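Visitor: At position 2 of the sequence shown the residue is numbered 1056 (my numbering), and the sequence of numbers has no breaks. My structure is below; once you've seen it, I'll send some questions.
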Amino acid sequence: MTYPVETVTITLYTPIKDAASNEITQLSMREPKVFDRIRQSYLKGTPEENEADMIAGLCEVHPDIIKNLTTADYRQLEDQFIVFTAPPSARAEARKALASMRADMREAAMTQHLASGIFSAE
């Protein structure tokens, strides 16, 4: 028995090409089911590889597509996975909370880099 699940389309910051050289600018991710988590537990890769494989399944693409994303694009998919773990009625608030947290993290990282001299303020 299957139930309707939410699907979200994520626009990539950096488009990529698949094995046939088709440009991919967006990925659609479906809401995970318990089966997806169980399947992930049987994989023999590292936790990071297994997570990328699970996300590939949720997006219905080959794992190589996910592995070739930029970190920023992969972060979008990770964030959406986290949002999907919230009850449907709380997902809008979860999206806002994640966006705020990510903005705070970027600001803290930039402040740290400026203080260390890695980047200049100019």
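Even for Gly, the Cβ is constructed at its ideal location relative to N, Cα and C. Quick caveat: nothing in here was measured; it's all calculated off a predicted structure.
Classify V1137 as helix, strand or coil using the three-state DSSP reduction.
Guide: To locate residue 1137, count along the sequence shown from 1; it is residue 83. DSSP places V1137 in helix when its eight states are reduced to three.
Visitor: Taking buried to mean at least 16 other C-beta atoms within 10 Å of its own C-beta, is I1119 buried or exposed?
Guide: Counting from one through the sequence shown, the residue named residue 1119 turns up at place 65. That one is buried.
Visitor: Assuming L1131 and L1097 make a contact with CB atoms under 8 angstroms, what is their CB distance in whole Å?
Guide: Looking up residue 1131 in the sequence shown gives position 77. Looking up residue 1097 in the sequence shown gives position 43. L1131 to L1097, Cβ: 17 angstroms. No contact.
Visitor: Taking the C-alpha atoms as reference points, what is the distance between T1139 and P1117?
Guide: Numbered from 1 along the sequence shown, position 85 holds the residue referred to as residue 1139. Numbered from 1 along the sequence shown, position 63 holds the residue referred to as residue 1117. For T1139 and P1117, the distance between alpha carbons rounds to 22 angstroms.
Visitor: Helix, strand or coil: how does DSSP classify L1152 here?
Guide: As a working mapping, residue 1152 is identified with position 98 in the sequence shown. L1152: helix per DSSP, three-state reduction.
Visitor: Three-state secondary structure (DSSP) at V1115?
Guide: Counting from one through the sequence shown, the residue named residue 1115 turns up at place 61. V1115 falls in the coil class under three-state DSSP.
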